[in-house]
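Novice: One structure coming up, written as structure tokens, with questions to follow.
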Amino acid sequence: MDVEEDAAEVDAYTPLVTRGFELVPWQLAAVDAWVKGFQQPFSGSLEVFTGGGKTLLAITAMAEAAQEEPLLKVAVVVPTEALARQWIANISKFTNIAADQIGMMGAGGKADLHQVRILVCVLNSAAKKLPDMAADIAPLMLIVDECHRAGAPSFARVLDTPAQFRMGLSATPDREELDENGEPLVFDEQRVGKALGGVVYRFSLKDAREIGWLPDYKISHHGITLTEDERNKYKELSRYVDDLAEKLRQFGVDSSRAFSMQRQQGETGDLARAYVGATAKRKDFLYRAKDRSRVAAKIVSDAMQSRTRRVLLFHERVAEATDLYQQLGVLLPEVKVVLEHSQLPDSVRKSALAEFRTGEAPVLVSVKSLIEGIDVPEADVGVSVASSSSVRQRIQALGRVLRRTFDDESMEPKVAEMHVLYVAKTVDELIYAKEDWGDLTGDAENSYWLWSNDPDAAPAQQEGPPASPRPTEDQEWERLGQRSPAEPVLWEGAFVGQEYSVDTLGNLRNMHGTLIANPQGVSQMVQAVRKSPGGKFRVTPLHRLVLIASDGKERNGIWVAGQLSVPFAAVEEPLQAEAEAVDVETLKPGERYLGPANADGGTFKIRQKQGGVIEQKVGRSVMFALTESEAHPDLAANAVRLLAAWKSALDFGLTVKLNGLGHVWYEAEGERRFLVSAPGGFVWPEDP
């Protein structure tokens, strides 16, 4: 290597350092928590409110990692092209890394980790290419921004990228994720949490408000009214949704579980898919409500009257956003309005964002894409024209406008406005029952308005939100004195948690039908509330409290009946070889059975009538096993032995299964139990 090449090599690996900014104490604490790590140093996820400076936190973390490994390379994974370009600009501005050492992969970018020190990747391309590309790159730091996105099955491969240093960033990293047995997973156990590390630091919107991190702001909630024709159509759609919900209940499925039940086969899965489709159709109808655009346009027009503002509008549908864009153009002829959505050419989208940032176009209408990640601190008015029922999305939209700007004595202090539109007296109001927005953002900062269909009428101010949430689980835990009640007490909070059922034998199952191995006395809790054995219940996610709904005369409402000491665990299946080698010679009826848990020989019911009968259903017909048979005396003897074993162990009706080894077994209190050996099964009336 000659002198020039040697100098170039040294220059290419000058240790990464930050420049042009300083972190405040809470941000330093966040970086320090990541350095200490989750289970191992330099790992973990940061749950930071949108506007908390996640990019600067990550850049500082890069510098910390580079102190450990001066030859460090970094791969940053982001969900969109716009966010990728923003990251590249910030890395160039706030670090000493030369522009030719920062590359982009995806959305037309073809850079490679072998060519650059920092590679910013769009998620869909990163999932396909990054794990293989990084196989021979070390040391490497992997940063996944909006990391909840990476948990989707189509993108999760990006998490396999080999990296010594790993960081996740999101305002709301949690996904609703279940294990293979249908049991809920906390973030640390989810695919993203396991790959990047659990949450090591949290900084919420409420935290930001309480420490004065946010600019001055006010939030106005606007209820719009459906026209008479729209109201009739909405009622029709809602009746169909309600009918499907009732059919799901008849199959033992609460409609809140429909989304997770869509993958099931058979009529239950068909109903779940139909229900999800019907609710989506109703939501789409509400997105298109006529007065959304009219009220949004009036809000923008009023905002532009007072002083120069930078207004950002969020919509869910391209067609309606385009109509609104055109309507604003007519209403505000002297103000340049631009439109940004995924169906526009890249050049048009980039130009719209650039013009909005510089102020050339002070009004930007966007569709979804700006909810996640785009940094536009200049925006001081936000209008959520339409949004999903996701609390996550609502918080992210707020963060776009409540973004702190760095102090500049030449500038007026930022005063932000956020306007949220919803359709009054519809399911749009349910988001107010999910989150206490007054607690989150401050009661004094929120106001509520109701608009009529009359275009000339001013909105009427309301006393409060259209719906209020029940107390949170933590608030109820405080009310209970942070201890499980000795006797069932009424639960005043939201009916939250994973749903389970318990049968009359004390067997617990989740909604996927998985048998629970450690029932922890829940059967007795259910009976204490419902005054009869068996039924459904829920387990809350934070404190594992057992909630039971009852409509009985003595106990009506939702009750908290106890607490699990440990999470539920699924019954473990024995290894096939071990199961097939099980010795039942010494087993007594009712003892634990570790043999094969199949029903290859059939499923039967033992009923108490006539002193005990073995029943089998064949189509619509019912047959009873014979206890006497000249043609098959051995099979008739099996029936006699089974009934004798049943009487000695339980003597009440139950369902039993005959496996491939000829063993009859059943389930009780979360375990499989043996009854009798019945090789060949039983003889039935029509058998020759």
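Each number in this note's numbering corresponds to the 1-based position in the sequence shown with 8 added.
We treat Cβ as the ideally placed atom computed from N, Cα and C, and that holds for glycine.
All values reported here derive from a predicted model rather than from experimental measurement.
(1) Tell me which same chain residues have a C-beta within less than 7 Å of the C-beta of A405, skipping the five on either side of it?
(2) Can you list, in chain order, the residues of its chain whose CB lies under 6 Å from that of V208, leaving out five sequence neighbours each side?
(3) With 16 as the cutoff for other CB atoms within 10 Å, does D388 come out buried or exposed?
(4) Please list the segments of the beta strand (DSSP E) lying wholly inside the stretch 523 to 584, counting only runs of 3 or more residues, in order along the chain.
(5) Just the C-alpha distance for H230 and V319, rounded to the nearest angstrom, thanks.
(6) Buried or exposed: S178, going by 16 or more other Cβ atoms within 10 Å of its Cβ?
(7) CA-CA distance, E599 and R681?
(8) Taking all protein chains shown into account, do 16 or more other C-beta atoms lie within 10 angstroms of the C-beta of E191, making it buried, or fewer, making it exposed?
(9) Can you pull the DSSP bridge partners for I219?
(10) By how many angstroms is the C-alpha of D462 removed from the C-alpha of V166?
(11) Per DSSP, what kind of secondary structure is P693 in: helix, strand or coil?
(12) Does the stretch 608 to 616 come close enough to the stretch 589 to 597 to have 3 or more Cβ pairs within less than 8 Å?
(13) Grab me the residues of E623's own chain with a C-beta within less than 7 Å of its C-beta, minus the 5 sequence neighbours each way, in chain order.
(14) For E77 versus Q172, is the C-beta spacing smaller than 9 Å?
(15) Output the boundary residues of the beta strand (DSSP E) element that contains V56.
(16) Are the stretch 127 to 139 and the stretch 83 to 90 touching by the rule of at least three beta carbon pairs closer than 8 Å?
(17) What first and last residue would you give for the alpha helix (DSSP H) that runs through L1?
(18) Does the distance from the C-beta atom of T68 to that of Q35 stay below 9 Å?
(19) Comparing C-alpha positions only, which one of L523, R538, A644 sits nearest to A605?
(20) Counting only the same chain and skipping the five closest in sequence on each side, list residues whose C-beta sits under 6 Å from that of F163.
(21) I'd like to check one pair, V554 with M533: are the Cβ atoms closer than 9 Å?
(22) For Y209, does the three-state DSSP call read helix, strand or coil?
(23) Just to confirm my understanding: we take V25, look at its own chain, exclude 5 residues before and 5 after, and list those with CB closer than 8 Å. What are they?
(24) How about L256 and L234: are their beta carbons less than 9 Å apart?
(25) Would you kindly check if the distance between the Cβ of V303 and the Cβ of V345 is under 9 Å?
(26) Express the C-alpha separation of S531 and G514 in angstroms, rounding to a whole number.
(27) Work out the CA separation of F50 and V200 for me, nearest whole Å.
(28) Would you call E495 buried or exposed, if buried means 16 or more other Cβ atoms sit within 10 Å of its Cβ?
(29) For E453, does the three-state DSSP call read helix, strand or coil?
(30) So, are the CB atoms of E324 and V371 less than 9 Å apart?
(31) Is A468 helix, strand or coil by DSSP?
(32) Assuming the contact rule is C-beta atoms closer than 8 Å, L65 and V39 should be a hit. Round their C-beta distance to whole Å, please.
(33) For the candidate residues A360, I307, K298, E342, whose alpha-carbon lies nearest to that of D331?
(34) Assuming A645 and L683 form a contact by the criterion Cβ under 8 Å, report the distance between their Cβ atoms to the nearest whole angstrom.
(35) Quick one, which of T22, G678, Q272 has its alpha-carbon nearest H520's?
(36) How big is the Cα-Cα spacing for E368 and L361?
Specialist: From the atom records:
(1) F322, I379, G390, S392, S395
(2) A41, W42, F46, G52
(3) buried
(4) 543 to 547, 553 to 559, 564 to 571
(5) Distance between the alpha carbons of H230 and V319 is about 17 Å.
(6) buried
(7) 5 Å
(8) Model confidence at E191 stands at a pLDDT of 46, short of 50, so the residue's coordinates are unreliable and nothing is read from them.
(9) According to DSSP, I219 bridges with nothing at all.
(10) Between the C-alpha atoms of V166 and D462 there is a straight-line separation of about 52 Å.
(11) Coil.
(12) no
(13) Hits under 7 Å: F612, K613, R615, V630, F632.
(14) yes
(15) Unbroken beta strand (DSSP E) run through V56: 51 to 56.
(16) yes
(17) What is shown of the chain runs 9 to 696, which leaves residue 1 out entirely.
(18) In this structure, T68 places its C-beta atom within 9 Å of the C-beta atom of Q35.
(19) L523
(20) L131, A135
(21) yes
(22) DSSP places Y209 within a strand segment (E or B) once states are collapsed to three.
(23) Here the set comprises A71, A74, T103, N104.
(24) no
(25) no
(26) 5 Å
(27) 16 Å
(28) exposed
(29) helix
(30) no
(31) Of the three classes helix, strand and coil, the one that applies to A468 here is strand, per DSSP.
(32) 6 Å
(33) K298
(34) That pair is no contact at about 15 Å.
(35) Q272
(36) 10 Å
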